[in-house]
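If you read the sequence shown in my numbering, its first letter stands for residue 24, the second for the next number, and so on.
Idealized CB from N, CA, C, for every residue including glycine.
Since we're looking at a predicted model, the values are computed, not measured.
Report on the structure given below.
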Amino acid sequence: MKKAVMSTLCGFFLAMLFPCTAFAQELVAGGQVVGIEIDTEGVLVAGVGEVETENGKCCPAEEAGLKEGDIIKEINGRELKDAVELVDIVCQANGEPVRLKVLRDGRIMRFNLQPAQAAENQWRLGMWLKDGISGLGTVTFFDPESGVYGALGHGINDLESGKMIPLKEGKISEAQISGVIKGKSGAPGELNGASNVENLLGNVENNSPNGIYGHVSRPFEGKTLLTGEFTTGPASIISTIAGQTPKEYRIEINRVYKDSQGQRVLLTVTDPELCSLTGGIVQGMSGSPIIQNGKLVGAVTHVFVNDPRKGYGISIQDMLKTAGIVSDAA
Numbered sequence: 024m025k026k027a028v029m030s031t032l033c034g035f036f037l038a039m040l041f042p043c044t045a046f047a048q049e050l051v052a053g054g055q056v057v058g059i060e061i062d063t064e065g066v067l068v069a070g071v072g073e074v075e076t077e078n079g080k081c082c083p084a085e086e087a088g089l090k091e092g093d094i095i096k097e098i099n100g101r102e103l104k105d106a107v108e109l110v111d112i113v114c115q116a117n118g119e120p121v122r123l124k125v126l127r128d129g130r131i132m133r134f135n136l137q138p139a140q141a142a143e144n145q146w147r148l149g150m151w152l153k154d155g156i157s158g159l160g161t162v163t164f165f166d167p168e169s170g171v172y173g174a175l176g177h178g179i180n181d182l183e184s185g186k187m188i189p190l191k192e193g194k195i196s197e198a199q200i201s202g203v204i205k206g207k208s209g210a211p212g213e214l215n216g217a218s219n220v221e222n223l224l225g226n227v228e229n230n231s232p233n234g235i236y237g238h239v240s241r242p243f244e245g246k247t248l249l250t251g252e253f254t255t256g257p258a259s260i261i262s263t264i265a266g267q268t269p270k271e272y273r274i275e276i277n278r279v280y281k282d283s284q285g286q287r288v289l290l291t292v293t294d295p296e297l298c299s300l301t302g303g304i305v306q307g308m309s310g311s312p313i314i315q316n317g318k319l320v321g322a323v324t325h326v327f328v329n330d331p332r333k334g335y336g337i338s339i340q341d342m343l344k345t346a347g348i349v350s351d352a353a
């Protein structure tokens with residue numbers, strides 16, 4: 024069995040790919056932890072840095088105007104597959120200038136870069152590149168009618184730049200939790216675990232501010248619940264913090280409000296067992312479904328850095344709209 028050790032995906036704080044269908048009256052509540060892998064559409068500039076040459080230090084990327092968070096789409100008119108291909112083309116150019124087509128904040132820009140010859144005689148552009156990301160996250164819901172799932176409740180961003188990762192393709196796989204780094208004030212905790220990359224569960228078709236979405240290759244199991252609306256008061260979340268078995272824990276919804284992305288809540292973990300084991304909300308629990316009055320009402324999205332017992336949540340209606348399972352007019 025091939026396994027990959029994974030980091031966790033949780034927030035600190037694209038166009039809809041699914042056909043719009045009738046409002047889903049019942050959904051399977053998630054809580055399962057999954058491995059998530061996505062490949063970027065282009066190559067992400069994760070940072071820029073100096074190149075040590077015989078004549079001193081320089082940074083061709085910075086001098087040309089490239090910035091952290093830029094997405095390199097083409098080099099010398101050739102569409103890029105991955106970061107390795109870009110490095111190979113720069114080496115093959117043997118010191119000749121290269122032309123880059125870059126996406127920045129929705130705008131296409133073009134740059135000419137003069138590679139610098141490093142001390143080890145390699146030609147470099149002075150930037151760190153990224154073409155994919157992986158981690159652990161929690162499934163929020165599965166719709167048996169359409170085969171669509173939703174997870175995380177927030178988008179997958181590049182940690183360095185904070186930019187949303189432009190999705191080329193992705194997949195989710197079976198995972199299990201092997202340990203927990205307990206959260207404390209100023210130091211959010213984390214679920215530690217591994218994914219079985221050979222046991223795929225589905226694909227990732229949409230990376231959006233309201234979560235990731237795709238279709239499953241086999242159904243998720245769990246409670247089948249009607250969807251509902253947030254109210255202040257007692258509620259619960261379903262999370263996996265050990266092995267592969269989701270468990271329900273008590274929370275309190277303190278405030279319901281709206282922001283630019285939709286309806287949100289402030290919540291507090293009140294379950295003594297969960298507070299004892301994790302300190303509250305930790306990385307990897309993003310997407311944990313929120314249950315209130317016997318209905319699926321939303322998902323955990325973020326944790327307070329200074330108080331891991333407190334966090335934010337997103338409404339299930341906003342996740343379903345993003346997934347295309349329910350329209351704004353429904």
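DSSP three-state assignment for residue i, whether helix, strand or coil
{"i": "Asp111", "result": "helix"}
{"i": "Met187", "result": "strand"}
{"i": "Pro232", "result": "coil"}
{"i": "Glu143", "result": "coil"}
{"i": "Ala84", "result": "helix"}
{"i": "Ala69", "result": "strand"}
{"i": "Ala322", "result": "strand"}
Range of the contiguous beta strand (DSSP E) that encloses residue i
{"i": "Met132", "result": "130-136"}
{"i": "Ala174", "result": "171-174"}
{"i": "Ala198", "result": "190-204"}
{"i": "Pro257", "result": "256-262"}
{"i": "Glu75", "result": "74-76"}
{"i": "Pro312", "result": "312-315"}
{"i": "Asn52", "result": "A small correction: the amino acid at residue 52 is Ala; Asn does not occupy that position in the sequence shown. Here the beta strand (DSSP E) through Ala52 covers 49-52."}
{"i": "Lys90", "result": "Neither: Lys90 is in no beta strand (DSSP E) and is coded neither H nor E."}
{"i": "Leu103", "result": "From DSSP, Leu103 is part of no beta strand (DSSP E); its letter is neither H nor E."}
{"i": "Gly245", "result": "Gly245 -> no beta strand (DSSP E), and no H or E assigned at all."}
{"i": "Thr291", "result": "285-292"}
{"i": "Val349", "result": "Val349 -> no beta strand (DSSP E), and no H or E assigned at all."}
Boundaries (first-last residue) of the alpha helix (DSSP H) holding residue i
{"i": "Ser299", "result": "295-301"}
{"i": "Leu159", "result": "From DSSP, Leu159 is part of no alpha helix (DSSP H) but of the beta strand (DSSP E) over 150-166."}
{"i": "Lys344", "result": "339-346"}
Burial state of residue i, where buried means 16 or more other Cβ atoms lie within 10 Å
{"i": "Pro257", "result": "exposed"}
{"i": "Asp128", "result": "exposed"}
{"i": "Tyr280", "result": "exposed"}
{"i": "Thr268", "result": "exposed"}
{"i": "Ile304", "result": "buried"}
{"i": "Ala142", "result": "exposed"}
{"i": "Ala47", "result": "Only weak support is given to the placement of Ala47: the predicted model assigns it a pLDDT of 46, under 50, and the value that follows is read from those uncertain coordinates. So Ala47 ends up on the buried side."}
{"i": "Gly158", "result": "buried"}
{"i": "Leu182", "result": "exposed"}
{"i": "Glu102", "result": "exposed"}
Alpha-carbon to alpha-carbon, residue j and residue i
{"i": "Lys270", "j": "Glu296", "result": "11 Å"}
{"i": "Met187", "j": "Ile112", "result": "26 Å"}
{"i": "Leu148", "j": "Pro83", "result": "5 Å"}
{"i": "Gly178", "j": "Asn233", "result": "6 Å"}
{"i": "Pro120", "j": "Asn329", "result": "48 Å"}
{"i": "Val57", "j": "Met342", "result": "18 Å"}
{"i": "Gly144", "j": "Ile260", "result": "The amino acid occupying residue 144 in the given sequence is Asn; Gly does not appear at that position. Those two C-alpha atoms are separated by around 55 Å."}
{"i": "Glu221", "j": "Glu49", "result": "30 Å"}
{"i": "Asn4", "j": "Ala116", "result": "Only positions 24 to 353 of the chain appear in this structure, which leaves residue 4 out of reach."}
{"i": "Ser262", "j": "Gln55", "result": "7 Å"}
{"i": "Ile59", "j": "Asn230", "result": "11 Å"}
{"i": "Asn277", "j": "Asp93", "result": "38 Å"}
{"i": "Gly285", "j": "Glu86", "result": "40 Å"}
{"i": "Val107", "j": "Gly317", "result": "50 Å"}
{"i": "Gly160", "j": "Glu77", "result": "46 Å"}
{"i": "Gly70", "j": "Lys153", "result": "9 Å"}
{"i": "Val171", "j": "Cys81", "result": "49 Å"}
{"i": "Leu300", "j": "Ile337", "result": "24 Å"}
{"i": "Val162", "j": "Gly53", "result": "5 Å"}
{"i": "Phe243", "j": "Ile195", "result": "12 Å"}
{"i": "Asn180", "j": "Gln140", "result": "32 Å"}
{"i": "Glu197", "j": "Val203", "result": "18 Å"}
{"i": "Lys124", "j": "Lys96", "result": "5 Å"}
{"i": "Tyr272", "j": "Thr254", "result": "18 Å"}
Residues bridged to residue i (per DSSP)
{"i": "Asp306", "result": "Per the sequence shown, residue 306 should be read as Gln rather than Asp. Glu213, per the DSSP bridge assignment."}
{"i": "Asp62", "result": "Gly155, Glu192"}
{"i": "Leu182", "result": "DSSP output for Leu182 lists no bridge partner at all."}
{"i": "Asn219", "result": "Glu197"}
{"i": "Leu123", "result": "Ile98, Phe134"}
{"i": "Gly225", "result": "Ile195, Val239"}
{"i": "Val57", "result": "Gly160, Glu197"}
{"i": "Val279", "result": "Val288"}
{"i": "Gly14", "result": "The structure shown has nothing for residue 14, since the chain only spans 24 to 353."}
C-beta neighbour in chain C for residue i, strict 9 Å
{"i": "Glu102", "result": "No chain C appears in the structure shown, which is made up of a single protein chain."}
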